[in-house]
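Before any comments, here is the structure.
Numbering (our numbering), first residue to last: 113 to 233.
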């Protein structure tokens with residue numbers, strides 16, 4: 113195993129633990145962007161689709177499942193358990209498009225790249 117990948121995974125794991133612990137102890141999601149967490153969840157679900165098709169190692173599978181689960185738990189807590197402390201007015205995604213406005217160019221790009229990706233499998 114590459115030491116850089118291991119250290120990056122451990123730092124990522126620690127960051128999820130710190131975020132979830134902070135939310136739970138303070139009983140608040142103040143300072144955490146729901147829109148960003150939803151985007152993280154979408155990215156992790158799309159990036160780790162290979163969980164359904166191929167097995168690399170137990171470590172790899174467990175880390176991917178943890179990343180998806182921790183992000184989903186964060187979104188769930190923000191929407192249900194701590195929704196009163198969520199500040200929608202300050203939750204801004206910076207850029208010139210709306211939240212889903214970036215989907216159209218990426219959809220076109222995926223339509224172009226998908227055949228190449230499937231041929232590589």
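We put the CB at the ideal spot given by N, CA and C, even for glycine.
Going by DSSP, residue 180 is part of the alpha helix (DSSP H) stretching over 170-188.
In this structure, the alpha-carbon of residue 118 lies about 14 Å from that of residue 179. In the three-state reduction of the DSSP assignment, residue 142 falls in the coil class. As the crow flies, the alpha-carbon of residue 120 is around 31 Å from that of residue 216. For a cut-off of 8 Å, the C-beta gap from residue 161 to residue 187 is around 19 Å, too long to register as a contact. Residue 190 counts as buried, since at least 16 other C-beta atoms from the protein chains shown sit within 10 angstroms of its C-beta. Judged by their CB atoms, residue 152 and residue 173 are not nearer to each other than the 7 Å cut-off. Sequence-distant partners of residue 167 (beyond 5 residues in either direction) whose C-beta falls short of 8 Å from its own C-beta, in its chain, are 173.
In the three-state reduction of the DSSP assignment, residue 123 falls in the helix class. The alpha-carbon separation between residue 194 and residue 228 amounts to approximately 43 Å.
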